[in-house]
Each structure stands twice: as C-alpha cells, then as structure tokens.
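Residue numbers (UniProt numbering): 1 to 70.
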C-alpha cells in the first residue's frame with residue numbers, strides 16, 4: 001500500500017466533509033496535520049486514529065463532567 005501525505009482536498013474527500021471543515025478542525029479540534037510551507041498535509045493513519053478517539057466529536061466534557069454541545 002502506498003504511504004504518502006494527503007492534501008486538504010484529499011482528506012476532506014476521504015472523510016466526506018468540506019475543505020472549510022478541515023481548516024476549522026485543524027484550528028479548533030487539533031486535527032493531526034503537518035504544515036509544509038503554505039500547505040497542510042495529513043497522514044491517513046493519524047487522522048483515522050484521531051477520529052476513532054473522538055477528535056471529530058461535536059460534544060465535549062466540561063469541568064463538571066457534563067457534555068456540552070459545540
């Protein structure tokens with residue numbers, strides 16, 4: 001299997017989201033990404049693990065232990 005870096009458009013298509021959402025997740029949800037000059041690049045395996053561990057989840061646990069919607 002080919003091991004290569006994916007672009008914003010490729011990772012957006014892979015996840016079935018818009019490219020604007022990718023940029024939002026990078027800044028707000030610490031989506032695993034690597035900046036190469038002006039470009040953002042992604043490792044599919046890192047993004048898969050991030051999604052599996054709840055990185056893309058819209059809810060977040062606050063200090064009181066309650067889930068808050070973002």
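Glycine residues also receive a C-beta, built at the ideal position from the N, C-alpha and C atoms.
Note that the structure is predicted; figures quoted are calculated from it, not measured.
Looking only at DSSP bridge pairs, what is residue 41 linked to? Its beta-bridge partners are 34.
Step through the CB atoms of chain C and report whether any lies within less than 8 Å of the CB of residue 26. Judged by its chain identifiers, the structure shown contains no chain C, having just a single protein chain.
Cα separation between residue 67 and residue 55? Caution is warranted here: a pLDDT of 48 is assigned to residue 67, below 50, making its placement in the model unreliable, and the coordinate value is therefore given only provisionally. For residue 67 and residue 55, the gap between their C-alpha atoms comes out near 14 Å.
Which term fits residue 12, buried or exposed, when burial requires 16 or more other beta carbons within 10 angstroms of its beta carbon? The residue in question, residue 12, is buried, as its Cβ has 16 or more Cβ neighbours within 10 Å.
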